[in-house]
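This report concerns only the one structure given below.
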Amino acid sequence: MHEALLYEKLPDARVRCRTCQWRCRINPGKFGACGMYQNQDGALFNLNYARVSSIAVDPIEKKPLFHFHPGTQCLSLGTLGCNFQCQHCQNWEISTADSASLVNACRELYPKASITLAREYRCQGIAWTYNEPTIWFEHTLESAKLAKESGLYTVYVTNGYATPEALDTIGPYLDAWRVDIKGFSDEFYKTLAGVPRWREILEVTARAKNKWKMHVEVVTNIVPTLNDDDKQLEGIANWIKSELGELTPWHVTRFQPHHRLTHLPSTPLATIDRACEIGRRAGLKFIYAGNVPGHQSESTRCYACGQTAVNRLGYQTDVIGLQGTRCRHCGADLNFRSADAKEG
118 MHEALLYEKL
128 PDARVRCRTC
138 QWRCRINPGK
148 FGACGMYQNQ
158 DGALFNLNYA
168 RVSSIAVDPI
178 EKKPLFHFHP
188 GTQCLSLGTL
198 GCNFQCQHCQ
208 NWEISTADSA
218 SLVNACRELY
228 PKASITLARE
238 YRCQGIAWTY
248 NEPTIWFEHT
258 LESAKLAKES
268 GLYTVYVTNG
278 YATPEALDTI
288 GPYLDAWRVD
298 IKGFSDEFYK
308 TLAGVPRWRE
318 ILEVTARAKN
328 KWKMHVEVVT
338 NIVPTLNDDD
348 KQLEGIANWI
358 KSELGELTPW
368 HVTRFQPHHR
378 LTHLPSTPLA
388 TIDRACEIGR
398 RAGLKFIYAG
408 NVPGHQSEST
418 RCYACGQTAV
428 NRLGYQTDVI
438 GLQGTRCRHC
448 GADLNFRSAD
458 AKEG
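Adding 117 to a residue's 1-based position in the sequence shown gives its number in this note's numbering.
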C-alpha cells in the first residue's frame, strides 16, 4: 500500500483521484473505478503498489512494438485490476480481480527488485503491461525512474486513459507509449469498455509524442460488428496520420472470442486486409496485421524503395535492412527508436 501521488482532498473526508480520466470522487472507505485506489480516512491510497500478478521476459514485439528496439527482450510486469471493463479482455482473470485478491494472487516485488531482475535476465528494458499501468501509477513511476538510471528502456502498454497530469509526471521517464485506440465512437467505448468519455485518450496520446517525445505505436483490435465499420477505422487511421504522423505504426489485430464476447466469431481475414487498405489510403506507411501469423503485413518494408528492413515471423525478428533508423538501401526515415536517449 502506498499513498497516492495525484489526488486532492475534498470536504467531508472525500477525495478526488487525478490519476486517470475517471477522476473519481471517492467517499471514505470506498474505492475508485479501478478498484485499487481507496479513500482511507480522507487520504487516497494505492493498494497494489509492488503487487505483481504476472511477470515474464518477452520479446518487445509481443507488446506489440515493431519500431522500438527490434529484437530485444523486456521484463514485462502486470498487477491486478483495470479502469476499463472491456467485454473482450484477453487478460480478464487479472483485470477484473479486486483488491481482496492481492494477497493470494500476487507476489511482492518492489521497484528496485524489478530492476535487479531485469538485469539478471539480461533484458534491455521494462514494460508495464497485461493490465492498465496507471492503476499502480506510483509503482510504475518509481520503477521507471530507477530503470532510466540503470540504462533500461521503459514502456507503457496502455489504454491511454491517464490524465495529462499523470502523463506529465511520468513523461520524463517513459520511452514508449503503446496505446490501444479501441474504436472511434462514443457508443463503442461505452458498450465495449464501459467508459463514458474517450476523446481525451487522443489528446494524451498526442501529448506523449509531441511533448515528451515518446515513441508511439497504436493498436486496434477489430471486433466483428462493433468496430469493424469503415467509418471507425477511417477515423482512427486519419487521426493517426494527422496527429501522430504518417510514419506511426498502426497494428490492426484479429479478435479472438474472449471473456464476455465468446458468442462472436474471430475477425475474418478479409476484414483485417480491409483495415490495412484503409490505413494505406489514409497515408499511413506502416500498417501491421496482428494475430495473423505469416501475414504479409508482419514485416517492415521501406515505403520508398520496397526493400525489407525487418523480417518477422511470429516473434522471430531479423533486422536485415536498417541503418540506424533509416532504410539501408535508400536512406528513407523508417521511424525506428533504438537509442537509449529519446530522439526529437
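Each residue gets a CB set at the ideal place from its N, CA and C atoms; glycine is no exception.
- Residues of the same chain with a CB within less than 7 Å of the CB of H446, apart from the 5 flanking positions on each side, are C419, C422, Q424 and G438 in chain order.
- For I404, there is no enclosing alpha helix (DSSP H); the enclosing beta strand (DSSP E) has its first and last residue at I404 to G407.
- Here A235 carries a helix assignment [DSSP, helix/strand/coil].
- Spatial neighbours of M331 in its own chain (CB-CB distance under 8 Å, excluding positions within 5 residues in sequence) are listed in chain order as G288, L291, D292, A293, W294, A325 and K459.
- Between I404 and I339, the CB-CB gap reaches or exceeds 8 Å.
- Here DSSP, grouped into helix, strand and coil, assigns V427 to strand.
- E334: member of the beta strand (DSSP E) spanning H332 to I339, first to last residue.
- Along the length of the segment 167 to 215, whole beta strand (DSSP E) runs at least 3 residues long occupy 171 to 176 and 190 to 195, reported in chain order.
- Between Q138 and Y278 the beta-carbon gap is near 5 Å, inside 8 Å, which marks them as a contact.
- L234 and T257 have their alpha carbons spaced roughly 15 Å apart.
- Beta-bridge analysis with DSSP links E225 to R168.
- Of all C-beta pairs linking the segment 176 to 194 to the segment 152 to 165, fewer than three are shorter than 8 Å, placing the two stretches out of contact.
- A contact is defined here as three or more CB-CB pairs under 8 Å, and the segment 380 to 396 fails this definition with respect to the segment 214 to 223.
- Rounded to whole angstroms, the gap between the alpha carbons of M153 and R398 is 42 Å.
- When the beta-carbon positions are compared, L381 and G411 stay at least 8 Å from each other.
- In the structure shown, F453 falls within a coil segment according to DSSP collapsed to helix, strand and coil.
- Counting along the chain, I318 sits inside the alpha helix (DSSP H) bounded by residues R316 to N327.
- Per DSSP, N355 is one residue of the alpha helix (DSSP H) stretching across D347 to W356.
- The three-state secondary structure of L439, taken from DSSP, is strand.
- Annotation for E249: no beta strand (DSSP E) segment contains it, and DSSP assigns it neither H nor E.
- In the DSSP annotation of this structure, the continuous segment of the beta strand (DSSP E) that includes E125 starts and ends at Y124 to K126.
- Between the C-alpha atoms of G149 and R142 there is a straight-line separation of about 8 Å.
- Note: T417 is bridge-paired with V427 in the DSSP secondary-structure output.
- Contact check for H375 and C206: beta-carbon distance about 6 Å, within the 8 Å limit, so the pair qualifies.
- Comparing C-alpha distances from S216 to each of P366, T384, Q202 and L197 shows the shortest one belongs to L197.
- Going by DSSP, L284 is part of the alpha helix (DSSP H) stretching over P281 to I287.
- With a cutoff of 8 Å on beta-carbon distance, A426 and T417 are scored as near each other.
- Under DSSP, F148 takes part in a beta bridge, and its partners are Q155.
- R454 has its alpha-carbon roughly 12 Å from the corresponding atom of T189.
- As the crow flies, the alpha-carbon of V272 is around 21 Å from that of W209.
- A distance below 6 Å between beta-carbons, with the five flanking residues on each side excluded, links H119 to the following residues of its chain, in chain order: N163, Y166 and E255.
- Secondary structure at D292: coil, using DSSP grouped into helix, strand and coil.
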